[in-house]
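Peer 1: Just so you know, we're using UniProt numbering here: the sequence shown kicks off at 1 and counts up by one. Just so you know, even glycine gets a beta-carbon here, dropped at the ideal spot from N, CA and C.
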Amino acid sequence: RLLGPDFAAVREQLRAGGATSSSCPVQWREKDIAFRCVDCEADHNCAVCPECFFLGDHEGHAVSLIRTVGGCCDCGDPSSWKPRGFCKRHHGISEEDDSERALLALPEQIRWTCAPVIEEAVAFASG
Numbered sequence: 001r002l003l004g005p006d007f008a009a010v011r012e013q014l015r016a017g018g019a020t021s022s023s024c025p026v027q028w029r030e031k032d033i034a035f036r037c038v039d040c041e042a043d044h045n046c047a048v049c050p051e052c053f054f055l056g057d058h059e060g061h062a063v064s065l066i067r068t069v070g071g072c073c074d075c076g077d078p079s080s081w082k083p084r085g086f087c088k089r090h091h092g093i094s095e096e097d098d099s100e101r102a103l104l105a106l107p108e109q110i111r112w113t114c115a116p117v118i119e120e121a122v123a124f125a126s127g
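1) Going straight from the alpha carbon of A121 to that of F86, what length do you get?
2) Using 10 angstroms around the beta-carbon of F35, count the other beta-carbons present and answer buried if the total reaches 16, otherwise exposed.
3) Around the Cβ of A115, are there at least 16 other Cβ atoms within 10 angstroms (buried) or fewer (exposed)?
4) Using the three-state DSSP reduction, which class does A105 fall into: helix, strand or coil?
5) For the beta strand (DSSP E) that contains V35, what are its first and last residues?
6) Nearest CA to the CA of C24: which residue from V48, C37, I33, A42?
7) In the DSSP assignment, what are the bridge partners of L65?
8) Leaving out five residues before and five after H44 in sequence, what residues of the same chain have Cβ atoms less than 8 Å from its Cβ?
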């Protein structure tokens, strides 16, 4: 395995360190529950998962509960959701995220394991 035999332990180590990400990875299936917020959404097709909704600040906003037909949570995506409505875990992409500082924030074991894979992926994508 790429991150060693106990990936769950590595994941928990990252979470314990208060790791956040730029956007929410939640993918919806048909009839999942999501929230719309008229004050935060870019258009009527935008919504966030319940966890992001309750970790965000929507007090006094016009909100509604919906059933999804598919798609993904828009928390952290500034083209779909206003940054003031992002939850505490998803802050959108910043210059700091898109730099070497983001890599250096990872535990050393993960950096050493992932660096060659990332280099190869970038080389492949660059053509």
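Peer 2: Let me spell this out:
1) As a working mapping, residue 121 is identified with position 121 in the sequence shown. As a working mapping, residue 86 is identified with position 86 in the sequence shown. Distance from the CA of A121 to the CA of F86, rounded to the nearest whole angstrom, comes to 29 Å.
2) Mapped onto the sequence shown, residue 35 falls at position 35. Buried is the call here.
3) Within the sequence shown, the letter at position 115 stands for residue 115. With fewer than 16 neighbouring CB atoms inside 10 Å of its own CB, A115 falls in the exposed class.
4) As a first step, residue 105 is located in the sequence shown; it is residue number 105 there, counting from the start. For A105, the secondary structure class from DSSP, reduced to helix, strand or coil, is coil.
5) Translated into positions along the sequence shown, residue 35 becomes position 35. According to the sequence provided, residue 35 is Phe. The question's Val does not apply to it. From DSSP, the beta strand (DSSP E) with F35 extends over 33-37.
6) Position 24 of the sequence shown, counted from the start, is the residue given in the question as residue 24. Closest in C-alpha terms to C24, from the list V48, C37, I33, A42, comes V48.
7) The sequence position of residue 65 within the sequence shown is 65, counting from 1. In DSSP, L65 forms a bridge with F35.
8) Here residue 44 corresponds to residue number 44 of the sequence shown, with the count starting at 1. Here the set comprises R36.
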